[in-house]
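Residue numbers (my numbering): 11 to 956.
Beta carbons: idealized from backbone N, C-alpha and C, even for Gly.
Presented below is the structure to which this report refers.
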C-alpha cells in the first residue's frame with residue numbers, strides 16, 4: 011500500500027511536470043500549434059488545466075502580455091473541447107484581461123460580458139461578481155461610465171451578501187477609478203480610503219498596488235488637506251518598495267511617513283513604520299539600527315495595547331541581539347516573545363522562535379540545549395505548511411550531531427532533509443544541505459566525497475539570484491555562505507591536474523560574488539531609469555523586482571496563522587520558478603554593450619585567461635586568500651600561475667595591531683613629540699613593517715620578476731599597506747610601482763573602462779577647524795588640473811557632485827571621511843551641508859578617469875563575512891570610476907597637500923598613475939620619513955590613463 015509521503019511526492023512530481031507544460035504553452039503563438047500540443051498531451055484537456063492557466067494570466071501579464079494571451083487562448087481551446095460553462099467562462103475572463111492589457115478594450119468588455127453570462131448559467135455568483143468588477147476598468151477607458159456603475163452595483167450586492175471584505179475593497183478601488191476618471195475627486199477619495207481601511211489589516215499587496223497606481227488622487231489629498239490619507243498612502247508605497255527589494259527607497263519613505271504620522275498623532279501608523287524599518291535593517295544586517303527601531307516600535311505598540319505587533323517587535327529585538335552576538339539577551343527576548351505569541355494563540359511564531367533559540371545556542375556551543383529547542387521546532391513545523399523551516403531544522407540537527415561527533419545521526423538528518431527537499435525548488439536550502447554533507451564527509455576523512463558535496467553546494471549557490479530572500483526569517487543559519495569556496499580552494503589544491511587554476515577560479519568567484527551580493531542587497535535599482543539602456547537590461551531589473559516581491563510574498567504567506575494552504579504557497583513557488591527561468595533567458599540575450607549595466611544585477615567573475623589579457627607584460631597580480639587560519643598567495647603573471655602558503659592569520663593579526671598602534675601614535679596631535687620620540691616611533695614602525703614583510707612577501711619575493719604589482723588583499727589584509735612593507739634595507743615601493751584591487755576580476759573590468767568626457771576637472775573642498783590645510787590643498791590642485799571648477803565649504807554639496815561630476819576626467823574631493831564600523835553602509839564623506847554615504851554612492855554616476863578622496867580614512871573598510879569589504883572604494887567603482895586614490899588612515903593635512911602637488915604634477919604629464927604615485931611617495935618621504943605621512947595613499951583600479 012502506498013504511503014502518504016510517497017503519494018505526496020508523486021503528486022508534487024506531477025504538479026511540477028504540468029507547470030513545465032504550462033510554461034511551454036505560453037510560447038505557442040497560434041491555434042494550430044496549440045491543437046498539436048494537446049494531441050501530444052491529451053491529459054491536459056481537463057477543467058483543472060483551464061483553471062490553472064487562467065490563474066497564470068494576470069501574473070504573466072506583468073512580464074509578457076503576448077505570452078499571457080497565449081495562455082488564455084490555450085485555456086479557451088481546452089474549455090471549448092470540454093463544452094462546460096464554467097471552464098469556458100474562466101478562460102474568456104482571462105482572455106479579456108489579456109486583451110485589456112493589449113489596449114483592446116472593446117474586445118475585453120465583450121469577453122467579460124460573455125463570461126458573466128456563462129458563470130450565471132453555472133450558478134457561480136462569486137465568479138459573476140469577480141468578472142463584473144474586472145470589467146469596470148475597460149468600461150471606464152471606453153467612457154461607458156453608466157455601464158461601469160451598474161456592473162459595480164451588481165458586484166457589490168453579491169460580495170456584500172457573501173461577506174467578502176477583500177473583494178469589496180477591490181471593488182471600492184475600481185469604483186474610485188470611475189469617479190477619478192470623471193474628475194469627481196472627493197467621491198474617488200472616499201472609495202480609496204474605504205479600500206485602504208479594508209486592505210491594511212491583510213496587507214494585500216496587489217490591492218494596495220492597484221490603489222496607489224493613481225498618484226493624482228494622492229496629490230489631491232495633499233492639496234485638499236487630507237494628511238492622514240497621504241500618510242497612509244506613503245506607508246503603503248514604502249511597503250511595496252520593500253516587497254520589491256528597493257530597500258533604499260523603502261527606508262526613506264518609511265522615515266518620512268513616520269514623521270508625518272507622529273505629527274498627526276497617529277501612533278499606530280508611526281509604530282508600524284518603525285516595525286518595518288526594523289525588519290529591513292535586519293535583512294541588511296544593520297543590527298544596531300534594527301535594535302533601535304524595534305525598541306521604539308515595541309514601546310509604541312505597548313502604549314496602544316496592541317499585543318501582536320508588540321510581540322513581533324520583541325522577536326525582531328531578539329534576532330538583532332543575536333546578530334550582535336549578545337547571546338543571553340537574545341535568548342531572554344526569544345522566550346519573552348514566544349510567551350506573548352502563545353498568549354495570542356499564534357501557531358507559527360513560537361516554533362520559529364524555538365528554531366532561532368536553537369541557532370543562538372548552537373553558536374554559543376550549548377549543543378544539548380540547542381538540540382532540544384530544534385527538536386521542538388521540527389515537531390511543530392512537521393505538521394504545518396512550513397516545509398522550508400522543517401528542512402532547516404533537520405539541517406541544524408545534522409550540524410549539531412556533527413559537532414557532537416555522531417556522524418551517523420548527522421547523515422540520517424541530512425537524508426531526511428534531502429527527501430523533504432525532493433521535488434521542491436528551494437536552492438538556498440539545497441545549498442545548505444550539500445554544504446553540511448561536505449562537512450560530514452570531510453570529518454569522516456573522505457576528501458573526494460567532501461569535494462563533490464561542496465561542488466554541489468556551490469552549484470546551488472550560483473543559482474540563487476540574490477541575497478534578498480529574507481534568509482529564513484533573517485536567521486543567519488550560515489553566517490558566511492562563502493565558506494564553501496574556502497573548502498573548495500583547499501580541496502582543489504590537494505587534487506592533481508590544474509589544481510592552481512581551479513583554486514584561483516574559486517577565489518575569484520568568492521570575491522566577485524561577495525561584491526555583487528553587497529550591491530544587490532544595498533542599492534535601489536537604477537538601471538531601468540538610465541537613458542539609452544536596452545529594453546532587455548530594464549527587463550532584468552524588472553524581473554528581479556518581481557522575484558523579490560514573490561520571495562517576500564511566500565514568506566508573508568507562511569507567516570500567516572490563518573488561511574495558509576500548501577496549494578497557495580506552491581502556486582507562489584511556481585511563479586518564482588517561471589520568473590527565474592525568464593530572468594536567465596533574458597540575461598543570455600543581453601548584448602555585450604549593456605554588460606556593464608548588468609554588473610549590478612548579475613554576479614561576475616572572469617576566467618584566468620581574460621584576466622591575463624588585461625595584464626601588461628611587466629605586471630603581476632598578487633592575490634591573497636584566507637582559508638581558516640591560513641593565508642595563501644596566488645601569483646598571476648601572463649605566462650604562469652603559482653600558489654604559495656604565506657602566513658598564519660593569528661600572527662599577521664598580532665603584527666597588524668602593533669603597526670596600527672604606532673601609526674595612531676605618530677599622527678599629529680596637540681602635543682608635539684620630541685625628536686627622540688619621533689625617531690623611536692619611526693624605528694618601531696619600520697620593525698613592524700619588516701615583520702609583516704617577512705610573513706606576507708618574503709615567502710615568494712624571489713618570484714616577483716615584474717615592474718608593477720597589483721595587490722588583491724583578502725580579509726584582514728585589506729588593512730595592510732603592502733607598498734610600505736620593509737625588507738630591512740628598503741620599502742617595497744622602492745622596487746616596484748604598486749596598485750590595489752578588490753579582486754582580479756574587478757581589476758580587469760576597470761582596465762576596460764574608457765573615458766569619454768571633455769577632459770575638465772571638478773574639485774570640492776570642505777575645510778574645517780581641525781583640517782585647515784584642506785583649503786591650501788584644493789586651491790593648489792584646482793590650479794594644476796585642466797579646466798577645473800572649484801567648490802568650497804557650504805557650496806561643495808552633494809547636488810554639485812551629482813550635477814557637475816559626470817563627464818569630468820578628474821574629480822578631487824578633500825573633505826572629512828567618516829567610517830562606521832557598526833554600520834559600514836552608512837560610512838561616507840561630509841560634504842557642504844550633507845553627508846554622502848555608500849547608499850548615495852551606489853546611485854551616483856561618476857564615470858571619471860580618476861577620483862581622488864584625500865579625506866581622512868576614505869580607504870578604511872570593515873571586513874564582513876566572505877570578505878565583504880565595505881568601504882567607499884566599492885561605491886565609487888559602482889558609480890563608474892576607472893581609478894581611485896584613497897587613504898588607509900587619517901592623513902596629516904600639510905604632508906597631504908605636498909603629496910597631492912607632487913602626484914598631480916606627474917599624472918598630468920605621464921599616463922602611468924602607479925608610477926606617478928610611486929615617485930610622489932618617494933619625494934614626500936624625503937621630507938617626512940615616517941610612513942604615517944607618505945604611505946597612507948593607495949591606488950585602485952586602472953593604472954594607465956589617457
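key: The alpha helix (DSSP H) enclosing residue 145, as first and last residue numbers   = Working through the chain shown from its first residue, we reach residue 145 at position 135. Here the alpha helix (DSSP H) through residue 145 covers 135-151.
query = Rounded to whole angstroms, how far is the Cβ of residue 330 from the Cβ of residue 304, which I believe are closer than 8 Å?
reply = The residue you call residue 330 lines up with position 320 of the chain shown. The residue you call residue 304 lines up with position 294 of the chain shown. Going by Cβ atoms, the distance from residue 330 to residue 304 rounds to 6 Å, so yes, they are a contact pair.
request  = Give a yes or no on whether the C-beta atoms belonging to residue 916 and residue 907 are separated by under 8 Å.
outcome  = Indexing the chain shown from 1 puts residue 916 at position 906. Indexing the chain shown from 1 puts residue 907 at position 897. Cβ atoms of residue 916 and residue 907: not closer than 8 Å.
request  = Could you tell me which residues DSSP puts in a beta bridge with residue 747?
outcome  = The sequence position of residue 747 within the chain shown is 737, counting from 1. Answer is 718.
ask   = Since residue 63 and residue 85 are thought to touch, with beta carbons under 8 Å apart, how far apart are those beta carbons, to the nearest angstrom?
value = By 1-based counting over the chain shown, the position of residue 63 is 53. By 1-based counting over the chain shown, the position of residue 85 is 75. Right, the Cβ-Cβ distance comes to about 4 Å (below 8 Å), so this counts as a contact.
ask   = Would you call residue 921 buried or exposed, if buried means 16 or more other Cβ atoms sit within 10 Å of its Cβ?
value = Mapped onto the chain shown, residue 921 falls at position 911. Residue 921 is exposed by the Cβ-count criterion.
ask   = Is residue 284 closer than 8 Å to residue 306 when the C-beta atoms are compared?
value = Residue numbering aside, residue 306 sits at position 296 when the chain shown is read from its first letter. Residue numbering aside, residue 284 sits at position 274 when the chain shown is read from its first letter. Closer than 8 Å, so yes.
Nearest-angstrom Cα separation, counted from residue 861 out to residue 821 = Position 811 of the chain shown holds residue 821. Position 851 of the chain shown holds residue 861. Straight-line Cα distance between these residues: approximately 5 Å.
message = Whole angstroms are fine: how far does the CA of residue 356 sit from the CA of residue 382?
response = Counting from 1 along the chain shown, the entry for residue 382 is found at position 372. Counting from 1 along the chain shown, the entry for residue 356 is found at position 346. So the alpha carbons of these two residues sit roughly 21 Å apart.
query = Can you name the start and end residues of the alpha helix (DSSP H) that residue 331 belongs to?
reply = Position 321 of the chain shown holds residue 331. Unbroken alpha helix (DSSP H) run through residue 331: 317-333.
ask   = Going by C-alpha distance, which of 894, 160 and 928 is nearest residue 819?
value = For the purposes of this step, residue 819 is identified with residue 809 of the chain shown, where counting begins at 1. Of the candidates 894, 160 and 928, the one whose C-alpha sits nearest the C-alpha of residue 819 is 894.
inquiry  = For the pair the segment 733-747 and the segment 645-657, tell me if three or more CB-CB distances fall below 8 Å.
reply    = no
message = So, under 8 Å CB-CB, residue 726 and residue 666 are touching, yes? Tell me the CB distance rounded to an integer number of Å.
response = Against the chain shown, residue 726 aligns to sequence position 716. Against the chain shown, residue 666 aligns to sequence position 656. So it is a contact: roughly 6 Å between Cβ atoms.
task = Name the two residues that bound the continuous beta strand (DSSP E) containing residue 655.
result = Residue mapping note: residue 655 aligns to position 645 of the chain shown, counting from 1. It spans 651-658 - the beta strand (DSSP E) in which residue 655 sits, taken as one unbroken run.
query = beta strand (DSSP E) containing residue 771: first to last residue?
reply = For this step, residue 771 is matched to residue 761 along the chain shown. Judged by DSSP secondary structure, residue 771 falls within the beta strand (DSSP E) whose first and last residues are 771-775.
request  = Run the proximity test for residue 399: is its beta-carbon closer than 7 Å to any non-hydrogen atom belonging to the ligand COA?
outcome  = In terms of ligand content, the structure shown is empty, and the ligand COA therefore cannot be addressed.
ask   = Taking C-alpha atoms, which residue in 840, 806, 795 and 810 lies nearest to residue 919?
value = Locating residue 919 in the chain shown gives position 909, where the first residue counts as 1. Among 840, 806, 795 and 810, the Cα nearest to that of residue 919 belongs to 795.
inquiry  = Buried or exposed for residue 876, going by 16 or more other Cβ atoms inside 10 Å?
reply    = Working through the chain shown from its first residue, we reach residue 876 at position 866. A caution first: residue 876 carries a pLDDT of 32, below 50, which makes its placement in the model unreliable, though a value can still be read off. Of the other Cβ atoms in all chains shown, 16 or more fall within 10 Å of the Cβ of residue 876; this residue is therefore buried.
message = Quick check: what's the CA-CA separation for residue 372 versus residue 317?
response = One-based indexing of the chain shown puts residue 372 at position 362. One-based indexing of the chain shown puts residue 317 at position 307. Near 30 Å, if we compare the C-alpha coordinates of residue 317 and residue 372.
key: Strand pairing of residue 922, partner residues [DSSP]   = In the chain shown, the residue the question calls residue 922 occupies position 912. In the DSSP output, where bridge partners are listed per residue, residue 922 has 954.
key: Straight-line gap, residue 1025 to residue 738 (C-alpha atoms, nearest Å)   = Residue numbering for the chain in the displayed model covers 11 to 956; residue 1025 lies beyond these limits and cannot be assessed.
task = Please work out which residues of its chain come closer than 8 Å, Cβ to Cβ, to residue 708, disregarding the five sequence neighbours upstream and downstream, and give them in chain order.
result = Residue mapping note: residue 708 aligns to position 698 of the chain shown, counting from 1. Cβ neighbours of residue 708 beyond the five flanking positions: 737.
query = How would you label residue 66, buried or exposed, when you count the other beta carbons within 10 angstroms and need 16 or more for buried?
reply = One-based indexing of the chain shown puts residue 66 at position 56. So residue 66 counts as buried.
task = Taking residue 898 as the reference, give the member of 674, 846, 580 and 441 with the closest Cα.
result = Taking the chain shown and counting its residues from 1, the one referred to as residue 898 is at position 888. Closest by alpha carbon: 674.
ask   = Who are the Cβ neighbours of residue 226 in its own chain at under 6 Å, not counting the five residues just before and after it?
value = Position 216 of the chain shown, counted from the start, is the residue given in the question as residue 226. For residue 226, the pLDDT reaches just 49, beneath the cut-off of 50, and the residue's location in the model is therefore unreliable, leaving the point undetermined.
ask   = Taking Cβ to Cβ, would you say residue 691 is nearer than 8 Å to residue 444?
value = Along the chain shown, one-based indexing puts residue 691 at 681. Along the chain shown, one-based indexing puts residue 444 at 434. Taking 8 Å as the Cβ cut-off, residue 691 and residue 444 do not qualify as a contacting pair.
request  = Answer yes if the segment 124-132 comes into contact with the segment 165-180, meaning at least three C-beta pairs across the two stretches below 8 Å, and no otherwise.
outcome  = no
task = Determine the burial state of residue 96: buried for a count of at least 16 other Cβ atoms within 10 Å of its Cβ, exposed for fewer.
result = Working through the chain shown from its first residue, we reach residue 96 at position 86. Its Cβ being crowded by 16 or more others within 10 Å, residue 96 is buried.
Alpha-carbon to alpha-carbon, residue 463 and residue 286 = Here residue 286 refers to the residue found at position 276 of the chain shown. Here residue 463 refers to the residue found at position 453 of the chain shown. Distance between the alpha carbons of residue 286 and residue 463: 38 Å.
query = Which one or two residues does DSSP pair with residue 633 in a beta bridge?
reply = One-based indexing of the chain shown puts residue 633 at position 623. DSSP output for residue 633 lists 644 and 722 as bridge partner(s).
task = Please classify residue 4: is it buried, with 16 or more other beta-carbons within 10 angstroms of its beta-carbon, or exposed?
result = Limits of the chain in this structure are 11 at one end and 956 at the other, which puts residue 4 out of reach.
ask   = Using a Cβ-Cβ cut-off of 6 Å (strictly less than) and excluding sequence neighbours within five positions of residue 151, which residues of its own chain qualify?
value = To locate residue 151, count along the chain shown from 1; it is residue 141. Result list for residue 151: 115, in chain order.
query = What do you reckon, are the CB atoms on residue 499 and residue 720 nearer than 8 Å?
reply = Taking the first residue of the chain shown as 1, we reach residue 499 at position 489. Taking the first residue of the chain shown as 1, we reach residue 720 at position 710. No, the pair does not count as a contact, with Cβ atoms beyond the cut-off.
Through-space distance from residue 764 to residue 948, alpha-carbon basis = As a position in the chain shown, residue 948 is number 938, starting the count at 1. As a position in the chain shown, residue 764 is number 754, starting the count at 1. Going by the C-alpha atoms only, they are around 21 Å apart.
query = Where residue 710 and residue 634 are concerned, what is the direct C-alpha to C-alpha distance, given to the nearest angstrom?
reply = Numbered from 1 along the chain shown, position 700 holds the residue referred to as residue 710. Numbered from 1 along the chain shown, position 624 holds the residue referred to as residue 634. The C-alpha of residue 710 lies about 12 Å from the C-alpha of residue 634.
query = alpha helix (DSSP H) containing residue 83: first to last residue?
reply = In the chain shown, the residue the question calls residue 83 occupies position 73. Unbroken alpha helix (DSSP H) run through residue 83: 75-92.
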